[in-house]
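J.:
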Amino acid sequence: MKIAVLPGDGIGPEIVAEAVKVLQALGPLFDLESAPVGGAAYDLTGHPLPPATLELAKNADAILFGAVGDWKYDALARELRPEQAILGLRKHLKLFANFRPAICYPELTAASSLKAEIVGGLDILIIRELNGDIYFGQPRGIRTSELPLFKGTREGFDTMHYSEPEVERIARVAFEAARKRNKKVCSVDKANVLETSQLWRDVMIRIAKEYPDIELSHMYVDNAAMQLVKAPKAFDVVVTGNLFGDILSDEAAMLTGSIGMLPSASLDKNNKGLYEPSHGSAPDIAGKGIANPLATILSAAMMLRYSLGMPEQADRVERAVQKVLSQGLRTADIYTEGTQKVTTVQMGDAVVAALI
Ligand code: IPM
Ligand code: MG
1 MKIAVLPGDG IGPEIVAEAV KVLQALGPLF DLESAPVGGA AYDLTGHPLP PATLELAKNA
61 DAILFGAVGD WKYDALAREL RPEQAILGLR KHLKLFANFR PAICYPELTA ASSLKAEIVG
121 GLDILIIREL NGDIYFGQPR GIRTSELPLF KGTREGFDTM HYSEPEVERI ARVAFEAARK
181 RNKKVCSVDK ANVLETSQLW RDVMIRIAKE YPDIELSHMY VDNAAMQLVK APKAFDVVVT
241 GNLFGDILSD EAAMLTGSIG MLPSASLDKN NKGLYEPSHG SAPDIAGKGI ANPLATILSA
301 AMMLRYSLGM PEQADRVERA VQKVLSQGLR TADIYTEGTQ KVTTVQMGDA VVAALI
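The numbering of the sequence shown is the UniProt record's numbering, which starts it at 1 and goes up by one.
So this is what it looks like as structure tokens:
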């Protein structure tokens, strides 16, 4: 099994190193090959997603990705910014289905900014469409306005866009996922205002007819943002577009105690995938050895399950993470009084030691 390892920027290299350590501890199962991506790749080659990195990703069975981005690249032209690397990989590899599970481990209930009774036992799955929406819609740009009221001033514009087949395929992914869970799908949109969302909702309702065993509900995104902090356990699977999913998945992350705990999988139609923590590159804490590697380690577990067909190995890794948490080990982001604060490397070592 060939795994492309793309550490990226900020804390990316530190957390990916720990996930690689865990994968190697499972046995000589993988052929791991690294390549630069994001700002790191820009510094080396002048492009955030160099052809060699894209080629490696295309030819691998799965991709383990760290994070990209740093303020020092903010002044670059958009197509050269680190973020284009992850957006480019998602688009080139047709990774349209993003799974972001938000699980609140019992040991971490106290680390959440919400009350224990609200988040205790939380287990929801956000499914975010990744290839469409305002992220990729054309036209977009910054130009001189022709509108009478604003004539001669600069204006920025983007296009929110979804076509029926794009909504159909993500709808099916969500209904299939709900079948393996509590059989509820909540589709989040802004159909009271946006045409794109009206189409999204119509398609959801049509595809739902193929899944009579699944209960489909709809929610406007503003209300969903509110319900996520009010009664998150009422959700099972949430399916939504690229932009709303970006925002809601960060919100859901905080329910679990820390965004440092959230893995994610981005899959194509054949379950080939890119696996990355839901959090970003956190340049403010890069190099300090304090980042939480668990989201990346749990992403590696998702990779074993979804792309590599190794569910037992995935279980082993997830059990080991569970064990280090119950041993009281915590990186700074999930530390609470009475637990033991550890570094990135110590956390990775502890997961390896807990593998049985
Ligand atoms: C995410 C990130 C990315 C996104 C950025 C880095 C382009 O926020 O994966 O959620 O907006 O999708
Ligand atoms: Mg995001």
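Beta carbons are placed, not taken as given, at the ideal position from N, Cα and C, and that holds for glycine.
(1) Give me the residue from Asp9, Met302, Leu130 and Lys323 with the minimum Cα distance to proline 36.
(2) At the level of alpha carbons, what is the spacing between valine 167 and asparagine 242?
(3) Please report how far the alpha carbon of glutamate 14 lies from the alpha carbon of serine 113, in whole angstroms.
(4) Which residues bound the alpha helix (DSSP H) around glutamate 251?
(5) What does a CB cutoff of less than 6 Å around asparagine 182 pick up in its chain, not counting 5 residues either side in sequence?
(6) Count Cβ pairs between the segment 302-312 and the segment 336-350 that sit closer than 8 Å; are there 3 or more?
(7) Looking only at its own chain, which residues have a Cβ that is under 8 Å from the Cβ of aspartate 61, when we skip the five neighbours before and after it?
(8) Identify the continuous beta strand (DSSP E) that holds asparagine 98 and give its terminal residues.
(9) Would you kindly check if the distance between the Cβ of valine 352 and the Cβ of valine 22 is under 7 Å?
(10) Measuring straight from C-alpha to C-alpha, what distance separates glutamine 313 and tyrosine 275?
(11) State the Cα-Cα distance for the pair valine 203 and isoleucine 214, rounded to the nearest angstrom.
(12) Check whether the segment 254-263 touches the segment 148-156, counting contact only when three or more Cβ pairs, one atom from each stretch, lie closer than 8 Å.
(13) If we require 3 or more residues per run, which beta strand (DSSP E) segments fall completely within the segment 130-191?
(14) Histidine 279: buried (16+ other C-beta within 10 angstroms of its C-beta) or exposed?
(15) Nearer than 6 Å: is that true of the beta carbon of glutamate 176 relative to any heavy atom of the ligand IPM?
(16) Quick one: measure Cβ to Cβ for isoleucine 170 and phenylalanine 65, integer angstroms, because I've assumed they're closer than 8 Å.
(17) For isoleucine 297, report the span of its beta strand (DSSP E) as first-last.
(18) Pairs of beta-carbons, one from the segment 101-115 and one from the segment 132-146, closer than 8 Å: are there three or more?
(19) Tell me whether the beta-carbon of methionine 347 lies closer than 7 Å to the beta-carbon of proline 293.
(20) So is phenylalanine 157 buried or exposed if we call it buried at 16+ other beta carbons inside 10 Å?
(21) What is the residue span of the alpha helix (DSSP H) that leucine 228 lies within?
(22) Would you call the CB atoms of alanine 295 and proline 311 closer than 7 Å?
(23) Restricting to runs no shorter than 3 residues, where is the beta strand (DSSP E) found entirely within the segment 28-87?
(24) Which term fits arginine 206, buried or exposed, when burial requires 16 or more other beta carbons within 10 angstroms of its beta carbon?
(25) What's the C-alpha gap between aspartate 315 and valine 193?
(26) Entirely within the segment 313-355 and at least 3 residues each: give me those beta strand (DSSP E) ranges in chain order.
(27) So, under 8 Å CB-CB, proline 48 and arginine 81 are touching, yes? Tell me the CB distance rounded to an integer number of Å.
(28) Looking at the structure shown, is lysine 269 part of a helix, part of a strand, or coil, going by DSSP?
T.: Quick answer:
(1) Translated into the one-based positions of the sequence shown, residue 36 becomes position 36. The shortest C-alpha separation from proline 36 is found at Asp9.
(2) If you number the sequence shown from 1, residue 167 lands on position 167. If you number the sequence shown from 1, residue 242 lands on position 242. About 11 Å.
(3) Your numbering for residue 14 matches position 14 in the sequence shown. Your numbering for residue 113 matches position 113 in the sequence shown. For glutamate 14 and serine 113, the distance between alpha carbons rounds to 26 Å.
(4) One-based indexing of the sequence shown puts residue 251 at position 251. That run of the alpha helix (DSSP H) goes 242-255.
(5) Taking the first residue of the sequence shown as position 1, residue 182 is located at position 182. Correct list, in chain order: Asp236.
(6) no
(7) The residue given as residue 61 occupies position 61 in the sequence shown. Closer than 8 Å at Cβ, skipping near neighbours: Met1, Lys2, Ile3, Lys272, Ser307 and Leu308.
(8) In the sequence shown, residue 98 corresponds to position 98, counting from 1. Counting along the chain, asparagine 98 sits inside the beta strand (DSSP E) bounded by residues 97-103.
(9) Mapped onto the sequence shown, residue 22 falls at position 22. Mapped onto the sequence shown, residue 352 falls at position 352. In this structure, valine 352 lies closer than 7 Å to valine 22 by Cβ.
(10) Here residue 313 refers to the residue found at position 313 of the sequence shown. Here residue 275 refers to the residue found at position 275 of the sequence shown. The straight-line gap from Cα to Cα measures roughly 16 Å.
(11) On the sequence shown, position 203 is the one that residue 203 refers to. On the sequence shown, position 214 is the one that residue 214 refers to. Cα-Cα distance, rounded: 15 Å.
(12) Touching, no.
(13) At a cut-off of 3 residues, the continuous stretches assigned as beta strand (DSSP E) that sit fully inside the segment 130-191 are 141-144, 154-157 and 184-189.
(14) What you label residue 279 is simply residue 279 of the sequence shown in a count that begins at 1. Classification of histidine 279: buried, given that the 10 Å Cβ count is 16 or more.
(15) One-based indexing of the sequence shown puts residue 176 at position 176. No, the Cβ of glutamate 176 stays beyond 6 Å of every heavy atom of the ligand IPM.
(16) Position 170 of the sequence shown, counting from 1, holds the residue named residue 170. Position 65 of the sequence shown, counting from 1, holds the residue named residue 65. Not a contact, Cβ separation roughly 21 Å.
(17) As a position in the sequence shown, residue 297 is number 297, starting the count at 1. Per DSSP, isoleucine 297 belongs to no beta strand (DSSP E); it is in the alpha helix (DSSP H), 294-306.
(18) no
(19) Numbered from its first residue, the sequence shown carries residue 347 at position 347. Numbered from its first residue, the sequence shown carries residue 293 at position 293. Contact flag set, yes.
(20) Along the sequence shown, read from residue 1 onward, the residue named residue 157 stands at position 157. Per the 10 Å Cβ criterion, exposed.
(21) Position 228 of the sequence shown, counted from the first residue, corresponds to residue 228. Under the DSSP assignment, leucine 228 falls in the alpha helix (DSSP H) whose first and last residues are 221-230.
(22) As a first step, residue 295 must be located in the sequence shown, where it is residue number 295. As a first step, residue 311 must be located in the sequence shown, where it is residue number 311. In this structure, proline 311 does not lie closer than 7 Å to alanine 295 by Cβ.
(23) Correct list: 31-34 and 62-67.
(24) The residue you call residue 206 lines up with position 206 of the sequence shown. Flag for arginine 206 reads exposed.
(25) Along the sequence shown, read from residue 1 onward, the residue named residue 315 stands at position 315. Along the sequence shown, read from residue 1 onward, the residue named residue 193 stands at position 193. Approximately 43 Å between the Cα atoms of the pair.
(26) none
(27) Counting from 1 along the sequence shown, the entry for residue 48 is found at position 48. Counting from 1 along the sequence shown, the entry for residue 81 is found at position 81. Going by Cβ atoms, the distance from proline 48 to arginine 81 rounds to 7 Å, so yes, they are a contact pair.
(28) Position 269 of the sequence shown, counted from the start, is the residue given in the question as residue 269. Three-state result, lysine 269: coil.
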